[in-house]
Each structure stands twice: as C-alpha cells, then as structure tokens.
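> Residue numbers (my numbering): 15 to 617.
I'd like to ask some things about the structure below.
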Amino acid sequence: MAVPADNNRETQLQIVPLDGVGKIQTLRFGKMEHVSNLIWTANDVVTLARATNVPLEPRPYSRGQLFSTDTTGKKQQTLFGYFADHDFQSGRRRDEGFAQVLRVLYDEPGKALIEFECWDCGEKPDSVLYKVDTLTGNREQIESIKDASILWVDTHGQARAFLRKNDQDEPLLFYRPTTQSAWMPMPKSLGGWKISMLFFDTDDNTAYAAISDNGEADSFYKLDFKAGTRTLVSSKPGFDVGTVLRAGRNGPPFALISDYSKPSVMYLDPKSEYALLHAGLMKAFPGYLVYFHSFTRDNRKVLFSTGSDHDSGAWYLFDRDNNKMQRVAESRPWLKPEQMATVIPIEFKARDGEPIHGFLTTNHNGPGPMVVLPHGGPHGAADTWGFDPEVQFLASRGYSVLQVNYRGSDDRGENFKRLGYREWGGKMQDDIADGVKWVIDHKGADPGRICAYGASYGGYAAMMQMIRYPELYKCAIGYVGVYDLEIMRKKDMLVESKSGERYLERVLGSDFAKLKEWSPAQNTAKIKVPVFLAAGSIDERVPMNQFNALKRALEGNGAKVETMVADGEGHGFYSVDNRTQLFEHMEAFLKKYIGEGAVKNTN
C-alpha cells in the first residue's frame, strides 16, 4: 500500500501480511518523497515509481523513475531514472525520460515490459520498449518507435499499435495487422480518428477499443486486426466509455462502467464467469460500485474496491474458492457514510440549446444556501458521481453544492472539449450561470444565499461569475486561482515547446483586448460582493502575482477581501494543517455571508 505520512508531505510503501503473521514492512525514499504505481512483478517483488504531489490531486503521481524491492526491503534495484555523479560515486542510471510498466510478463517471473519515453533521442521524444528483469535491473531493448506517445502491446508483449500526434496535434494511428507485419498506418475502418484505450484478447488478433471517428464521444468496439474491421459493442451517445473491467489478470473486457450521470454497469455477457462474480459482489454492496484491481496468478483471489457518493471507499480481498472476504484497508474510516449527503445527477439546456450535465449535492428537502463549485482544468477535467471530500465538507455545513460540467469539460469527446476553447470568460461562464438558474427554478437553492468557490480555473470562474452574473451571488472564494488572463498569456506560463504554444493559442487565443475583458483582476469595479482569496506562497503553476493583482485591485476599489497565504505550499495545499485552516476560514466566511443568520447584502 502507498500510505501518506508526515502531515501528508510524504508517501511510504507498506508491505502488509494479510494473515497477520509477521510485521509490516515500511519502505520510503526519504523526507518529502512519495511512492506510487505499485505493481507486483514477481511473487515477492514490488515495482514502484518515485512520485511527486500533483496540484489539486488527491494522491502523488509518478515522475517516471522506477524502482523495485523484495518484500523484506533487502534487495532493491534502480530500474529507470537519471542520477548524476556525486563526488567520487558514479550515477546509477542516466535515463533522461519517463518510464512506466506496460505489462507484467507472468510467464517470466520478475520480468516486465516497460515503455520509456526518451527525451534525448532526437527532436521529439521517442518511445522505447524494454523487457526488464525487475529482480536484477537488467534490460533488453525490444522496440524503438519514433515520436510515439501511446503504445499498446498484445498478450505476448509484442507492440501492435501506437498513437502519435502530427505537427497540428492531430492523432495519427499505426498498427501491425499480424505479429510478423511491419508498421503501417491504421485504416479508419479499424481505428477511426482516435483510440483512447485498447485491450487484446488471447488470440492476439481480436482486440477491444474505445474509438472516436470524428471527435465525438468514443464508443466501445471489438476489433479484428487481420481483417481491419470493427464491430460496435457499446455506445452511450455524447459520453465516453468510462471504466473497463477485465476478466482475470489480463483477460478480455467483460464489463463497462459508465462515468456519466450516476454510473451503471453493462456486462458484455451477463452469464460469463466474471460478470457473475462482479454482479455477486455488487449485490453484496448495495448502492456501491465495485472495481476489480488485480488477481492472483490462478485468478482465484481478487483485490477489489468499493465506493459511492456517500463513502470514499475500501479495499477487499475475495477468495473465490471459499467465498471469504477480507477487508484490507479503508480510505477514510472515521467518516460515517450515513451522515454524508446525496449526489444527484442533473441535466439542463444551456441558453443556446447545448445539453449540459452536472451534479447537485444536498441534504435539503427544499431551497437553502448553495455553493457553486466549478472544477479546475478547465480542459481535460470533469466532475463525476462519487465521493468528493470538498463537496461533502460543504454539505456537512448545511450547503447544497452545484457542480457543472460546462463546455470544455472532459468525458464527452474532443468536440465538446473544443466548444470551450477561447470561451473561458464567455460561454463556459454562461453554462455555470444557466446551471444556477436551473437549480433556482427547480426550488433547489435560495436565490438570496448563493456563493461561488473554486480552485485554479475554478477560482477564476468563481470571480468571473461575480462580474458576468452579479445578481446571482452574495460572495466568492478563489483558491490558487488565475485572475489575469492577459498576464498569464504573456508571462506566467512560459512556453517550453511548440506544442505548448499551439495549445495556449487554441484555448486562449491572442485577442488581448478580450483577455483583458475576461480578467477579474482588471475588472474588479464590477465585483460588489465579499471575496476570500487563498494561495500558496511557492505556487509555480499560478504564481503569486495573480493573487496579488486581484487582491490589490479589490482593495483599491474598497471591496471586502479576506486572504490566506500558506507558506511552502504550491498549486494546492498538501499539509493537513494548512488544509484544515483553509476549510475553517471558508466555513466562517460562508456562514457570515450565506449561512444561517447571514447579514443580507445587496450586489
């Protein structure tokens, strides 16, 4: 298990004997270091990645450096990473790039296929495929693919398909029709415009994939590589595939769990062995979703997790031979699910007729105070049904919470995402406001007691709502937010690549007059409500000049401004103490302006 420690500033590897015999083995990289991506590559060997805290994410993410250890911690190997010479000691590895385990070779204990994105192989990163002995660290190069970004292998570990992008950032697909074939462009009849995920069956010719033909939300297909054809398996128009559950260790897909609205499970063959197993476990946990994570080599034991909108989740080991279940760990055992609020999927039409989806979390039977919570990103992110600790915190204090997946959000295809390009202060804000009005019209919120709160782009949106729709709100909270698009476009996000520059041009454009109009820091005269701003002192993603610009401008206009700056924090607070202080400040702020007995102010 990857277990947080030291006030959430470190994550350690714990190897736990499930039979209770022996001690827990705790291994760590060091102070302020993290582990992630744990995977068994042999019966007694764990391969893991050195990780870093990613802004506003609940857990650390890999830095592309891989290591392995036996269960005693005595035999350790550095598999991939860059380590410079130190004094008279030579660096162990000099891998400039990002490594990840692509597949464990279960017929060769200890060995795994590792994809390495090589950063110094040429003008663009190349994908190099290695067979690595995780017991010894020895590696054998299997394949090198120029400019590749996503690589898929069959059940025997041979590379069969890859996706890379052209100079306009459009996807290009290549494949091998058979294991003996040379690489060739993948026909549209097989791969469409873009493949998002790909799984091979045991014959290494049949595969299953999530495919989009023209930028619409993807659908799930069964592919015949030799014939170059595909057959539709499942489609939910307007929404991407979601989670795919596989039969056993590396078997074919047996079920899809949709991520739109309240998730549902679709079994490809309801009478199959694994569909019956999963359905039985779902029955044992009514109201919960069940996700399979891994199986023993003989597929007789399965590690699975459960979760719902009321419960942040737990992990279990199920023995199929004796039908015994063992709880391994809980995410937040101190919380009581029965005290949590219900997450209700909603759908409404934006003013231009575009269907917009979202969620309303509430403990109210009628209209009450509400917090509007736009997600960050904004592109490549979306709110989904499930347990959200921020949302449940607000609900526990008596507030309904509205989350809107405005245009530009993820999970509805590339075309929906592109609807948000160059609309950061425009139609994306309209979608949020239209969601607020929909909830008010349906008696879900008191129109005189609404506040907006968000982080990163969500913080930007919270302030823009005050500018575009002042009649809807009584206060606003911005957390590590962007507040001046003109400054951001010109200075803050220094572009290190041509693709990065193309991305900023796509999503923001270069109309600086429009960016100024859509910058809260340059339009504070229109913000008439109390504001609370929170920031990290060493935020590199959104530097302090964004916070300072908005704070000074608001104070210059005589606005009510409360602030919190956390020393040593970046784009999102990781310290439990700092997060506690942030939420306590938010609680007091919301109570003052939209809580019970709040002083009524006029916008």
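C-beta: ideal position from N, C-alpha, C; glycine also.
Any idea what DSSP makes of Thr169, helix, strand or coil?
The residue labelled residue 169 in the question sits at position 155 within the sequence shown. The answer is coil: DSSP assigns Thr169 none of H, G, I, E or B.
> Can you find at least 3 beta carbon pairs, one from the segment 562 to 572 and one from the segment 352 to 370, that sit closer than 8 angstroms?
no
> In three-state terms, what does DSSP make of Asp455?
Translated into positions along the sequence shown, residue 455 becomes position 441. In this structure, Asp455 counts as helix in the three-state DSSP scheme.
> By DSSP, does Gly609 sit in helix, in strand, or in coil?
Start at 1 with the first residue of the sequence shown, and residue 609 comes out as number 595. Coil at Gly609, not helix or strand.
> Given a threshold of 16 other Cβ atoms within 10 Å of its Cβ, counted over all protein chains shown, does Asn571 qualify as buried or as exposed?
On the sequence shown, residue 571 is found 557 positions in, with the first residue counted as 1. Result: exposed.
> Helix, strand or coil for Ile164? Go by DSSP, reduced to three states.
As a first step, residue 164 must be located in the sequence shown, where it is residue number 150. Ile164: strand per DSSP, three-state reduction.
> Could you tell me the distance, in whole angstroms, from the CA atom of Pro18 to the CA atom of Lys540?
Residue 18 sits at position 4 when you count from the first residue of the sequence shown. Residue 540 sits at position 526 when you count from the first residue of the sequence shown. If you take the alpha carbons of Pro18 and Lys540, they lie about 43 angstroms apart.
> Rounding to the nearest angstrom, what Cα-Cα distance links Asn264 and Lys236 in this structure?
As a position in the sequence shown, residue 264 is number 250, starting the count at 1. As a position in the sequence shown, residue 236 is number 222, starting the count at 1. Looking at the two C-alpha atoms, the distance is approximately 16 angstroms.
> What residue from Leu212, Glu598, Gln417 has the CA that sits closest to Gly472's CA?
Your numbering for residue 472 matches position 458 in the sequence shown. Nearest of Leu212, Glu598, Gln417 to Gly472, Cα basis: Gln417.
> Using a C-beta cutoff of 7 angstroms, does Asp215 count as contacting chain B?
In the structure shown, chain B does not exist; there is a single protein chain.
> Within 10 angstroms of the Cβ of Leu32, are there 16 or more other Cβ atoms? Answer buried if so, exposed if not.
Within the sequence shown, numbered from 1, the residue matching residue 32 stands at position 18. That one is exposed.
> Around the Cβ of Glu598, are there at least 16 other Cβ atoms within 10 angstroms (buried) or fewer (exposed)?
Here residue 598 is taken as the residue at index 584 of the sequence shown, counted from 1. Exposed is the call here.
> Can you tell me which residues form a DSSP beta bridge with Phe112?
Residue numbering aside, residue 112 sits at position 98 when the sequence shown is read from its first letter. Per DSSP, Glu131.
> Of the residues Arg174, Gly252, Glu184, Ala231, which one's Cα is nearest the Cα of Asp215?
One-based indexing of the sequence shown puts residue 215 at position 201. Considering only alpha carbons, the answer is Arg174.
> Do Leu212 and Met200 have their C-beta atoms closer together than 7 angstroms?
Your numbering for residue 212 matches position 198 in the sequence shown. Your numbering for residue 200 matches position 186 in the sequence shown. Result no, Cβ atoms of Leu212 and Met200 do not sit closer than 7 angstroms.
> Since Gly294 is in the alpha helix (DSSP H), which residue starts that stretch and which ends it?
Counted from its first residue, the sequence shown places residue 294 at position 280. Note, Gly294: alpha helix (DSSP H), 287 to 298.
> Can you check the segment 441 to 503 for any beta strand (DSSP E) of at least 3 residues that lies completely inside it and give the ranges in chain order?
464 to 469, 489 to 493
> What did DSSP end up calling Ser248 once you bin it into helix, strand or coil?
Mapped onto the sequence shown, residue 248 falls at position 234. Ser248: strand per DSSP, three-state reduction.
> Which residues does DSSP list as the beta-bridge partners of Ala261?
For the purposes of this step, residue 261 is taken as the residue at position 247 of the sequence shown. Per DSSP, none; premise fails for Ala261.
> Quick check: what's the CA-CA separation for Asp121 versus Leu127?
On the sequence shown, residue 121 is found 107 positions in, with the first residue counted as 1. On the sequence shown, residue 127 is found 113 positions in, with the first residue counted as 1. Near 12 angstroms, if we compare the C-alpha coordinates of Leu127 and Asp121.
> At which residues does the beta strand (DSSP E) containing Val255 begin and terminate?
The residue you call residue 255 lines up with position 241 of the sequence shown. That residue, Val255, is in no beta strand (DSSP E); it is neither H nor E in DSSP.
> At a cut of 8 angstroms, does the segment 260 to 278 reach the segment 444 to 461 through at least three beta carbon pairs?
no
> Can you give me the Cβ contacts of Ala548 inside the same chain, cut-off strictly under 6 angstroms, excluding the 5 residues immediately before and after it?
For this step, residue 548 is matched to residue 534 along the sequence shown. Close CB contacts of Ala548 within its chain, under the 6 angstroms cut and outside five residues either way in sequence, are with Tyr493, Met578, Leu596 (chain order).
> In whole angstroms, what separates the C-alpha of Ala293 from that of Ala261?
If you number the sequence shown from 1, residue 293 lands on position 279. If you number the sequence shown from 1, residue 261 lands on position 247. Looking at the two C-alpha atoms, the distance is approximately 13 angstroms.
> Pairs of beta-carbons, one from the segment 515 to 528 and one from the segment 474 to 490, closer than 8 angstroms: are there three or more?
Taking 8 angstroms as the limit for Cβ pairs, the verdict is that the segment 474 to 490 does not touch the segment 515 to 528.
> From what residue to what residue does the alpha helix (DSSP H) around Tyr517 run?
The count along the sequence shown starts at 1 and reaches residue 517 at position 503. Its alpha helix (DSSP H) spans residues 512 to 521.
> For Ala196, which three-state DSSP category applies?
By 1-based counting over the sequence shown, the position of residue 196 is 182. In the structure shown, Ala196 sits in coil (DSSP, three-state: anything other than H, G, I, E or B).
> Helix, strand or coil: which one does DSSP assign to Arg566?
As a working mapping, residue 566 is identified with position 552 in the sequence shown. Arg566 falls in the helix class under three-state DSSP.
> What residue range does the alpha helix (DSSP H) around Arg346 cover?
Position 332 of the sequence shown, counted from the first residue, corresponds to residue 346. Counting along the chain, no alpha helix (DSSP H) covers Arg346, and no H or E run does either.
> Could you give the DSSP three-state label for Thr83: helix, strand or coil?
Here the question's residue 83 lines up with position 69 in the sequence shown. Here Thr83 sits in strand by DSSP.
> DSSP three-state call for Asp183: helix, strand or coil?
Taking the first residue of the sequence shown as 1, we reach residue 183 at position 169. In this structure, Asp183 counts as coil in the three-state DSSP scheme.
> Does the pairing of the segment 53 to 66 with the segment 75 to 90 give three or more beta-carbon distances under 8 angstroms?
As far as the Cβ criterion goes, the segment 53 to 66 touches the segment 75 to 90, which means the pair count is three or higher.
> Indicate the three-state DSSP secondary structure (helix, strand or coil) for Phe176 in the structure shown.
Translated into positions along the sequence shown, residue 176 becomes position 162. Note: Phe176 maps to strand in three-state DSSP.
> Can you find the residues in the same chain that come closer than 7 angstroms, C-beta to C-beta, to Thr55, ignoring five residues on each side of it along the sequence?
In the sequence shown, residue 55 corresponds to position 41, counting from 1. Non-local C-beta neighbours of Thr55 in its own chain, meaning closer than 7 angstroms and more than five positions away in sequence, comprise Thr61, Ser82, Val118, Gly124, Ala126, Thr148, ordered along the chain.
> How would you call Pro544, buried or exposed, if buried means at least 16 neighbouring beta carbons within 10 angstroms?
To locate residue 544, count along the sequence shown from 1; it is residue 530. Buried, by the Cβ-count rule.
> Over what stretch of residues does the alpha helix (DSSP H) that includes Arg64 continue unbroken?
Counting from one through the sequence shown, the residue named residue 64 turns up at place 50. Here Arg64 belongs to no alpha helix (DSSP H); instead the beta strand (DSSP E) covers 59 to 66.
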